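Right, one structure below, let's go through it.
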Amino acid sequence: MVSRVYCILWLVLAAVVVSAQTTFNKRTGLNVECVGNVMRLTFDKSLAFGSQLEIEAINGSQVVPLTSSLAAKCGYSMESDPWGNTKLYASLLNCFAQNQGDQVFDIALRLRMYGNEVSEEDVHEIRHTCKYKQWASREILCERNFMEVSVNRLPPEIHTPTQQKQGSKETGFKYGASSEAPTSLHNVWRMVFYTPKEKPMMMEDVLKAGYGVSTTPSRLVLRSPYGMEDTYTQNVNGVQMEVFKMTTYFKREWAVTMVDTAAACPTGGLQFTDKVITWYMPRHITPLMIYNQYDLLELYMGIDGKRLDTTQMNAKGYSLSVTNSHVIISLPVGGPDGYYKSHVLDYQYHTTYSIEPMLELLWREGQSEITRYKVHYPITTPPKAEPPQVTDNTVAKSGVFDVLLGTFLHDVELMNITFSSGVMTVAEANARGINVQQHGLPNGSRTFSIQVPFSDPVVLKSHINQEFTTYTLPLIFGLIILPEYTPFPHPALVETTLQDITLPTIVGTCDDEHFLVIVTYGNQGKNFHIYVGTQNISAELYTDYGVQENSTHFTMTVPFLANEIVFELAQQSLVRGRLDLTLWEPINSWHLNNFSLACEFPLTMTECFSNGTITALAVKVESAAQIVPSQLSLTDPSCKPKFSNSRFAYFSFAASSCGTTRTFYDDVMVYQNEISVPGSKNTGTRYLLTVSCYYLLNDTQTLTFFTKPGRNEPFAELGVGELQVGMRLAKDPSYNSFYMEEDYPITQYLQQPLYFEVELVQSPDPQIELVLENCWATVNDGVSVMSWDLIVNGCENLDDRYQTTFHPVGLEDRVPYPPHLKRFEIKMFTFVKDDTVLRDQIFVHCEAVICDINQTDTICKRRCPSQQGNIKRGRRNTGHEPLHRLHVSSGKVLLTTSHDSHLNKLLT
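What the sequence shown shows, in this note's numbering, is residues 148 to 1055, in sequence order.
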């Protein structure tokens, strides 16, 4: 662990920058102090802004940049947390300190801050003096990036006349106080490393390998970075320690002096729980001790290189204890002298806690040898998975998702959020109405909240049934860890279900001829199809039913004789029809509403004519659904319907035919017949309708026939409807496409053809024919003094030099009965008054006559002469002709205002 920290130490420091506006050592947040054999420089993140910091050592007039390798070789150690709080330790025996008799040490550093360019104002010098006289015979310093050992190098007669330094061996002459010590640096002959095997090296090679070798007025100083080739690891009472051990040979004239040195620093000995860090140090460090017995003179614990007394330790929850085998330090995880840091491992959020305790021991071996042992030991707990918790605080009725994500350390920032529609930054999300906030907690951690309205497009909606909506919010939080800008995602999925769907409603009523229905949409709009019976309302039915709709509702008027109407019952003068309406939602196949409306409509079921003709209409009702109308007959099986389809059978017969019976009751004569299914008595399918006509001796009365059902047979009274005629204007001579009501008025050029069609609407009787008796044009849609005859008494107006053209009507898909339609063509014209061309609109009107196809006289079979002069329009309606006249008119047709010269030319 120590060697890894050492490798990145100076890189981390490069992120720290200090203000250049005032003298650096006077700034708030900077502190320099002497702590034993080390000088400590600290400055906090309040001084850091900009981009980079370089540290240089001042050696007299020279300035030496401290690279990471040179720092470890020369006794400098530095640690900077991720936010710029920095600690720099300098051994008092470092390569560049000005040493005054091993008692006063002047240390100078230059801090160089710069961004894109280096300027003189960004350079600051720090000079500090430390006094230290309590040198032990051997002092060992374990820093985060190096191991240092210093020993007294003077011979006994120079150092102490009555004592001999243990570990020093000399042969040859003894020197007086005025003589040069043989252990001077230039007298080094060779150096032997113990790895633990012996490895001799020359001092030049030792220095080139990265080791530090120096002497002070009284001491030999050796220094080694961690993980060097010539150091080794040893398990000391269960604790892994790195050992740096060597013997230095000094040679002068005929004498050789050997100085043994050793340092051992811990790289293990840690135990972790969620709440406590326990650091075990061996009490007897065997690589450093010659004897098994020693006296422990002093024992101190500290933090960040500074000793703590018992009161301070207790206040912070620290403990220091000694057993027979170990010195034990306990530190609470989360204590005030350390810091937490966020990390990402395998895309998961983790945290660590870091702290740097110090342990200082002073022991004596034998009678005089004293060792001072100091360790600055940076500790970081193993990464602990801290999966962020997603808390759903959504209240469904509020219509807003409320999600909380956390908790995180203060070095985590929320950068963006991925929604179903894409990625948004926090600013973009807030700008569009999504509320994203950061919340700080008292302990320094933080959480993030997001509020998203259900109505926002990023929310996915689905329906679990007709009334409930499930709202789903998929999220991916894009987070980063500062200051490294390490990204990591955290997905979340929240959903809620709300009963918030208002279903569409249907209300209806009836008049004498129609079902009147209003469909009011729910809050989902028109998300359904409308079925009348089993028929989806198509564009054609939109027209037939007079459909009108807007954003809130839908109305339609359904004729009671429409094919989709179900007949429940037919009585004497009415029929009861039922409209079944279904609202079907296709995506989920839901029936949103099923509606039925039954009404009674006036209807003449039987007609009795004075000439002895009887007509009757059989209607298939719901209770007789198995009946095929075309198979019905009168009492005489050969008397079949004159017309039939899937719902109706229309009979017309003489009172003296088809097995009709006649009975006299006083002054009343009764004709009766029966409508039934031939052979039904033998098959068990019984369907019997009795048709009766009552004639007074001096009058005629009509009674609706009635059924004579057997057991479990349907009962139905029958009826007929009124005849209706309509006029339409076709777009071309194919008569396949027509102008709609919203297209009027129609604009045409002069002499352009106009194609008119007059139709008998909704009549199933093939025995009747529509005949155009008179057609004329006016300048308005009412009575007009200005008019022009187009058709007179069923024929073209020969006085018109642009005569009306009749077009034949054949059998087509939409024309099952050609006699029910008439088509004619005229040329566009305008009226002239007092030689002035009128550009007003024109209207076309027609009188139509309904005829029996078997009639051979009157207008129904008129033949038009080839020449007809002075034809005058009139009505021909003698008393013996049962004609049914109907009047229809077209919409507005306008003459275009273009081509005036062409118009005048045609009129002249």
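Just so you know, even glycine gets a beta-carbon here, dropped at the ideal spot from N, CA and C.
The structure displayed is predicted, hence computed values, not measured ones.
Item to check | Distance between beta carbons of Asp442 and Arg511, contact taken as under 8 Å | outcome: 5 Å
Item to check | Rounded Cβ spacing between Glu445 and Ser284 (contact assumed at less than 8 Å) | outcome: Contact doesn't hold; Cβ gap of about 15 Å is too wide.
Next on the checklist: With H, G and I counted as helix, E and B as strand and the rest as coil, what does DSSP make of Asp647?
Outcome noted: coil
Next on the checklist: If I measure Cβ to Cβ from Gln914 and keep anything under 8 Å in the same chain, skipping five residues before and after, which residues do I get?
Outcome noted: The beta carbon of Gln914 lies closer than 8 Å to those of Lys789, Phe790, Ser799, Asp999, Ile1000, Asn1001 in the same chain, with the five residues before and after it left out.
Next on the checklist: Considering only their Cβ atoms, is the gap separating Phe707 from Phe742 smaller than 7 Å?
Outcome noted: no
Item to check | At least three beta-carbon pairs within less than 8 Å, the stretch 565 to 573 to the stretch 667 to 678 | outcome: no
Checklist entry - Name the DSSP beta bridge partners of Thr572, please? => result Asn563
Checklist entry - In this structure, what does DSSP give as the bridge partners for Glu203? => result Pro212, Arg257
Checklist entry - When we look at the beta-carbon of Asp814 and count the other beta-carbons within 10 Å, is it buried (16 or more) or exposed? => result exposed
Checklist entry - Do you know offhand how far Asp946's Cα is from Leu919's? => result 18 Å
Checklist entry - At what residues does the beta strand (DSSP E) containing Asp352 begin and finish? => result Asp352 -> not in any beta strand (DSSP E); alpha helix (DSSP H) instead, spanning 350 to 355.
Next on the checklist: Here's the rule I'm using: 16 or more other beta-carbon atoms within 10 Å means buried, otherwise exposed. How should Pro525 be labelled?
Outcome noted: buried
Item to check | Same chain only: Cβ atoms within 6 Å of Leu1041, ignoring 5 sequence neighbours per side | outcome: Pro892, Thr894, Gln988
Item to check | According to DSSP, residues forming a beta bridge with Leu716 | outcome: Bridge partners of Leu716 according to DSSP: Arg723.
Item to check | Range covered by the alpha helix (DSSP H) that runs through Lys1008 | outcome: Careful: Lys1008 lies outside any alpha helix (DSSP H) and carries neither H nor E.
Checklist entry - Does DSSP put Tyr465 in a helix, a strand or coil? => result coil
Checklist entry - Going by alpha carbons, who is nearest to Leu1056 out of Glu642, Tyr632, Val705? => result Missing from the structure shown is residue 1056; the chain here goes from 148 to 1055 and no further.
Next on the checklist: Looking at the strands, I want to know which residues DSSP matches up with Glu272.
Outcome noted: DSSP lists Arg257 as the beta-bridge partner residues of Glu272.
Checklist entry - Among Pro900, Thr189, Cys1007, which one has its Cα closest to the Cα of Phe976? => result Pro900
Checklist entry - Just how far apart, CA to CA, sit Gln682 and Leu730? => result Spanning the two alpha carbons is a distance of roughly 12 Å.
Next on the checklist: Rounding to the nearest angstrom, what Cα-Cα distance links Arg809 and Gln819 in this structure?
Outcome noted: One alpha carbon belongs to Arg809, the other to Gln819, and they sit about 7 Å apart.
Checklist entry - From the DSSP output, which residues share a beta bridge with Asp936? => result Trp923
Next on the checklist: Looking only at its chain, what residues have a beta carbon closer than 8 Å to the beta carbon of Val1035, apart from the 5 residues adjacent to it on each side?
Outcome noted: Val872, Gly873, Met874, Val905, His992, Cys993, Ala995
Next on the checklist: Taking 7 Å as the threshold (C-beta atoms), are Val775 and Phe714 in contact?
Outcome noted: no
Next on the checklist: Need the endpoints of the beta strand (DSSP E) that Tyr1075 sits in, please.
Outcome noted: Any question about residue 1075 goes unanswered here, given that the chain covers just 148 to 1055.
Item to check | Range covered by the beta strand (DSSP E) that runs through Asp442 | outcome: 442 to 450
Checklist entry - Quick one: is the Cβ of Ala402 within less than 6 Å of any heavy atom of the ligand NAP? => result In terms of ligand content, the structure shown is empty, and the ligand NAP therefore cannot be addressed.
Item to check | Boundaries of the beta strand (DSSP E) in which Asp407 is found, first to last residue | outcome: 402 to 413
Checklist entry - Expressed to the nearest angstrom, what Euclidean distance is found between the alpha-carbon atoms of Arg1023 and Glu943? => result Confidence in Arg1023 is poor, its pLDDT being 34 and thus under 50, which makes the residue's placement unreliable; the coordinate value appears in the next sentence. Straight-line Cα distance between these residues: approximately 17 Å.
Next on the checklist: Once DSSP output is grouped into helix, strand and coil, what is the label at Gln871?
Outcome noted: strand
Next on the checklist: One question on the structure: do Phe243 and Asn184 come within less than 7 Å of each other, judged by their Cβ atoms?
Outcome noted: no
Next on the checklist: Taking contact to mean 3 or more Cβ pairs, one atom from each stretch, closer than 8 Å, check whether the stretch 382 to 397 and the stretch 339 to 346 are in contact.
Outcome noted: yes
Next on the checklist: In this structure, how does DSSP classify Ser785 when only helix, strand and coil are distinguished?
Outcome noted: coil
Checklist entry - Alpha carbon to alpha carbon, what distance is there between Arg430 and Thr470? => result 8 Å
Item to check | 6 Å Cβ shell around Cys181 - same chain, five flanking residues per side excluded | outcome: The answer, listed in chain order, is Cys277.
Item to check | Val537 versus Thr554 - alpha carbon distance | outcome: Going from the Cα of Val537 to the Cα of Thr554 covers about 9 Å.
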